[in-house]
Structures are given as structure tokens and as C-alpha cells.
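**Q** Below is a structure I'd like to ask you about.
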Amino acid sequence: MTRPPARTLPARLRAWWRSRYETGRPLPVVGVEVGRWLPGGVLRAAFVVAVAVLLLASGARTTLVSELVVVITGVPVVWAAVRPGPGPAHVALVTVALLLLGSTSAPFDPAVLWLAPLGYVVTRLGWWASHVGVTERVELAALRHSLARDGAVVAGALAIGGAAWTLAGRPVPWLVALGVVALAALAWTAVRRDDGEAG
58 MTRPPARTLP
68 ARLRAWWRSR
78 YETGRPLPVV
88 GVEVGRWLPG
98 GVLRAAFVVA
108 VAVLLLASGA
118 RTTLVSELVV
128 VITGVPVVWA
138 AVRPGPGPAH
148 VALVTVALLL
158 LGSTSAPFDP
168 AVLWLAPLGY
178 VVTRLGWWAS
188 HVGVTERVEL
198 AALRHSLARD
208 GAVVAGALAI
218 GGAAWTLAGR
228 PVPWLVALGV
238 VALAALAWTA
248 VRRDDGEAG
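58 is the number of the first residue of the sequence shown in my numbering; add one for each residue after it.
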């Protein structure tokens, strides 16, 4: 019994091409509906503004010269504008921590309790800005998906900060430390199962 001759590679490629693309069937018509959307450039601009506000607000708490604060703030802000994402967001948060070490209330500056929600917003905007181009569109439904969780974290942080300011007219180190631990626990509880990538 003889086997049929093996087809050459060009013949195999032609046969594959015909079976794949030359079927004679028309392509299906596909329709896509897009809900209300927001330009990606808006999220990127909001990220840059949030980074600048966070850094300038923390710089205002320090005893550093204002020109030096502007220079220290400028580097992460420019980075956030050029390459938005988690990198500049995290560098901004570390810079805020370093700036607050120069605060007159250091090492437990109660401003942490109202800067923490803004830091969380910067982190979330950094995530969105890294996943969306300037000319791309983001459906508002996608933004609403994480809005409840993010809003709960920010509202909880503001409530803890407000309670700390109400209970203490001056910085109380143990109360500030307790607030920071509470904020960390709140953020961990809210985001442990969803880092923003789930659909």
C-alpha cells in the first residue's frame, strides 16, 4: 500500500487560506452600542491635577521654602502628565510622606487624615489614566462600577479625619496613629477583592 505524496508547504498554505477566507459566505453584520462616555483625556487631566493638589497641600504643611516645594512637586506632576499610571501616583504618595516629615506637627501630622482620601483618589485616577489613551472613550457605566467602593473608602476616611479633628483641637499622636490604622483597614477591606481590573 502506497501513501499519497505529501503536499508541499505552499500547497498547504493555499489550502488553508481557501478554507479560512474564501468560503463565499458574507461576513456577519456587527452592531455596537456605546453608552454615555467620557473622553480619556479628562481622566488623564484629572490625574495630573489631583497629583498637583495632593503635593501642594502636603507641601503647605512643611517648613520648607515654597520654591523648593514647587520644584519637589513639579517632578511627579510632569511625570504624571507624560506617563500617567501607578508609578507617578506612588512616587507622589512617597513624596507626600517625605514632605510631611518636615511638618511642624511631625511625625504625627493630623493632616494625614484628610490627605489620605486625596491620596486614594490619586491612586485610582492613576490606574484609570494608565489604561485609557487621550483620544479613547470611557463609558460612564465602567466608572460607576467602582464608584460605590471608592466613594465608601473616601467617605470613611473623611469621617475618621473629621472625628479626629473634632475630638482633638491639637495633634494627638495616638489618635492620628489609630486613624491611619483605621484608614489602612478600611482601604484593605474595600479593595482586597477588586483591584479595578474586574469587569
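Every residue, glycine too, gets a C-beta built ideally from N, C-alpha and C.
How should Val105 be labelled, buried or exposed, when 16 other C-beta atoms within 10 angstroms of its C-beta is the threshold for buried?
**A** buried
**Q** Distance, Cα to Cα, Arg75 vs Val86?
**A** 22 Å
**Q** Tell me, which residues are paired with Ser160 by DSSP?
**A** Thr119
**Q** Using beta-carbon positions only, say whether Ala109 and Val134 come within less than 9 Å of one another.
**A** yes
**Q** Between Val148 and Val89, what straight-line distance do the alpha-carbon atoms span, to the nearest angstrom?
**A** 39 Å
**Q** Would you list, in sequence order, the uninterrupted beta strand (DSSP E) runs of no fewer than 3 residues that lie entirely inside the region 93 to 156?
**A** 94 to 96
**Q** Under 9 Å, do Pro7 and Val195 count as touching if we go by C-beta distance?
**A** The question about residue 7 has no answer here: the residues shown for the chain are numbered 58 through 256.
**Q** Just checking my contact of Leu197 with Arg93 at CB under 8 Å: how many whole Å lie between their CB atoms?
**A** Taking a contact as a CB-CB distance under 8 Å, the pair Leu197 and Arg93 counts as one, their CB atoms being some 5 Å apart.
**Q** So the beta strand (DSSP E) Val195 belongs to, where does it begin and stop?
**A** Arg194 to Glu196
**Q** What does the alpha-carbon distance come out to for the pair Trp136 and Arg181?
**A** 16 Å
**Q** Could you check if Thr120 is buried or exposed, using at least 16 other CB atoms within 10 Å of its CB as the buried criterion?
**A** An exposed status is given to Thr120, since fewer than 16 other beta-carbon atoms sit within 10 Å of its beta-carbon.
**Q** Cα separation between Gly176 and Arg71?
**A** 58 Å
**Q** Taking 8 Å as the cut-off, does the region 200 to 209 touch the region 151 to 162 (at least 3 CB pairs, one atom from each stretch)?
**A** Output reads no: the region 200 to 209 does not touch the region 151 to 162.
**Q** Can you tell me which of the three DSSP states Val166 falls into?
**A** Here the sequence assigns Asp to residue 166, which means Val is not the residue at that position. The answer is coil: DSSP assigns Asp166 none of H, G, I, E or B.
**Q** Val191 by DSSP, collapsed to three states: which one?
**A** coil
**Q** Would you mind giving the Cβ-Cβ distance between Pro141 and Ser187, rounded to the nearest angstrom? I have them listed as a contact below 8 Å.
**A** 6 Å
**Q** Can you tell me whether Arg101 is buried or exposed, with buried defined as 16 or more other CB within 10 angstroms of its CB?
**A** buried
**Q** Taking Ala154 as the reference, which of Ala138, Gly190 and Leu113 has the closest Cα?
**A** Leu113
**Q** Is the beta carbon of Ala146 sitting closer than 9 Å to the one on Val179?
**A** yes
**Q** Quick one: Cα of Ser115 to Cα of Ile217, how far?
**A** Straight through space, the alpha carbons of Ile217 and Ser115 are spaced by roughly 19 Å.
**Q** If you draw a straight line from the C-alpha of Ala255 to the C-alpha of Val122, how long is it?
**A** Confidence in Ala255 is poor, its pLDDT being 44 and thus under 50, which makes the residue's placement unreliable; the coordinate value appears in the next sentence. A straight line joining the alpha-carbon of Ala255 with that of Val122 spans about 44 Å.
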